[in-house]
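J.: Right, I'll just put the structure down here and ask away after.
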Amino acid sequence: EPEVTQTPSHQVTQMGQEVILRCVPISNHLYFYWYRQILGQKVEFLVSFYNNEISEKSEIFDDQFSVERPDGSNFTLKIRSTKLEDSAMYFCASSEAGVGYTFGSGTRLTVV
Amino acid sequence: GDSVTQMEGPVTLSEEAFLTINCTYTATGYPSLFWYVQYPGEGLQLLLKATKADDKGSNKGFEATYRKETTSFHLEKGSVQVSDSAVYFCGAGSGSRLTFGEGTQLTVNP
Chain D
0 EPEVTQTPSH QVTQMGQEVI LRCVPISNHL YFYWYRQILG QKVEFLVSFY
50 NNEISEKSEI FDDQFSVERP DGSNFTLKIR STKLEDSAMY FCASSEAGVG
100 YTFGSGTRLT VV
Chain V
808 GDSVTQMEGP VTLSEEAFLT INCTYTATGY PSLFWYVQYP GEGLQLLLKA
858 TKADDKGSNK GFEATYRKET TSFHLEKGSV QVSDSAVYFC GAGSGSRLTF
908 GEGTQLTVNP
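Each protein sequence line maps, in turn, to chains D and V.
With our numbering as the guide, the letters of the first sequence map in order to residues 0 to 111.
With our numbering as the guide, the letters of the second sequence map in order to residues 808 to 917.
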């Protein structure tokens with residue numbers, strides 16, 4: 000079964016540092032997403048990406064965040080200057096036609 | 808935007824008991840509806856989905872029916888197993904965004 004792969008599984012970073020979370024979506028999927036889940040809270044939409052540009056973003060996705068598809072396989076989320084409240088599980092997802100996503104296993108980001 | 812309200816947890820059941828987890832949504836249009844399951848330490852797995860009114864999604868003994876008149880998509884299973892213990896998330900999708908409910912923790916005891 001095709002999978003969405005995320006690396007690393009756990010990242011610890013100091014406040015103010017930049018982090019890049021990496022994702023390899025399913026190869027024939029065209030739509031890519033990032034979600035986050037703060038511990039014990041609901042899963043929240045961050046951004047969707049299609050045809051090499053952001054198609055929708057939430058109010059959470061401010062100037063600190065950016066996404067990129069640097070090559071034909073990777074999809075990255077960058078947080079420029081991490082804050083304590085950025086500590087969360089970050090999930091990448093992809094879909095073929097915009098509904099029915101496949102999620103990755105997530106990257107647990109801990110900001111200290 | 809869309810919003811999703813789920814039955815509060817945690818829910819604890821004995822093996823072979825009947826499960827219902829309530830989910831209601833608000834949306835301006837007619838979103839697709841989903842149930843995802845999250846096992847400990849893992850990501851979200853699509854359990855079932857329905858894309859239009861009166862559709863029934865089903866998988867692994869779970870089912871949910873898209874009810875437009877009550878804006879609901881309640882998850883049911885006739886006989887739960889210990890292996891069903893997980894967090895269940897209801898989701899509504901319009902356009903390129905999925906909106907999730909709070910999640911319901913289910914624990915099934917032998």
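Built from N, CA and C at the ideal position, the CB exists for glycine as well.
(1) Per DSSP, Q912/V is paired with what?
(2) What is the DSSP secondary structure of E2/D, counted as helix, strand or coil?
(3) Can a CB atom of chain V be found closer than 9 Å to the CB of F74/D?
(4) Would you identify the three-state DSSP class for V889/V, choosing helix, strand or coil?
(5) For S104/D, count the other beta carbons within 10 Å of its own beta carbon; 16 or more makes it buried, fewer makes it exposed. Which is it?
(6) Please tell me whether Q13/D has its Cβ less than 9 Å away from any Cβ of chain V.
(7) Would you kindly work out how many angstroms separate the C-alpha atoms of S865/V and F102/D, rounded to a whole number?
(8) Which residue's Cα is closest to the Cα of S8/D: V818/V, G850/V and E823/V?
(9) Ignoring anything shorter than 3 residues, give me the beta strand (DSSP E) runs that lie fully in the stretch 29–87 of chain D, in order along the chain.
(10) Report yes or no: is there a C-beta of chain D within less than 9 Å of the C-beta of E822/V?
(11) Closer than 8 Å, Cβ to any Cβ of chain V: which residues of the stretch 37–68 of chain D, in chain order?
(12) Buried or exposed for M147/D, please, with buried defined as at least 16 other CB atoms from any protein chain shown within 10 angstroms of its CB.
(13) Counting only Cβ-Cβ distances shorter than 9 Å, please list the residues of the stretch 876–910 of chain V near chain D, keeping chain order.
(14) Of the residues that make up the stretch 95–107 of chain D, which ones have a beta carbon closer than 9 Å to any beta carbon in chain V?
(15) To the nearest angstrom, report how far apart T109/D and A824/V are at their CA atoms.
(16) Give the DSSP-derived three-state secondary structure of G864/V in the structure shown.
(17) Quick check: Y34/D and Y49/D, are their CB atoms within less than 9 Å of each other?
(18) So, for R79/D: in the same chain, excluding its five sequence neighbours on each side, which residues have a beta-carbon less than 7 Å away from its beta-carbon?
(19) What does a CB cutoff of less than 6 Å around Q912/V pick up in its chain, not counting 5 residues either side in sequence?
T.: To lay it out plainly:
(1) Bridge partners of Q912/V: V894/V.
(2) Here E2/D carries a coil assignment [DSSP, helix/strand/coil].
(3) By the rule that beta-carbons nearer than 9 Å mark a contact, F74/D does not touch chain V.
(4) Correct three-state label for V889/V: helix.
(5) So S104/D ends up on the buried side.
(6) Between Q13/D and chain V, the shortest Cβ-Cβ separation is not below 9 Å.
(7) Inter-residue distance for S865/V and F102/D is about 19 Å (C-alpha atoms, whole angstroms).
(8) Comparing alpha-carbon positions, the option among V818/V, G850/V and E823/V lying closest to S8/D turns out to be G850/V.
(9) Within the stretch 29–87 of chain D, the runs of beta strand (DSSP E) at least 3 residues long that lie entirely inside it are, in chain order, 30–36, 42–49, 52–56, 64–67 and 74–78.
(10) No, E822/V does not count as interfacial toward chain D.
(11) Residues of the stretch 37–68 of chain D whose Cβ lies closer than 8 Å to any Cβ of chain V, in chain order: Q40, K41, V42, E43, F44, S47, Y49, S54, E55 and S57.
(12) Coverage of chain D is limited to positions 0 through 111, which leaves residue 147/D absent and any answer about it impossible.
(13) Answer set for the stretch 876–910 of chain V: F896, G898, G900, G902, S903, R904, L905, T906, F907, G908, E909 and G910.
(14) Listed in sequence order: G97, V98, G99, Y100, T101, F102, G103, S104 and G105.
(15) Going from the Cα of T109/D to the Cα of A824/V covers about 38 Å.
(16) In the structure shown, G864/V sits in a strand (DSSP, three-state: E or B).
(17) In this structure, Y49/D does not lie closer than 9 Å to Y34/D by Cβ.
(18) The beta carbon of R79/D sits closer than 7 Å to those of E17 and Q63, all from its chain and outside the five residues before and after it, given in chain order.
(19) Hits under 6 Å: G816, P817 and V894.
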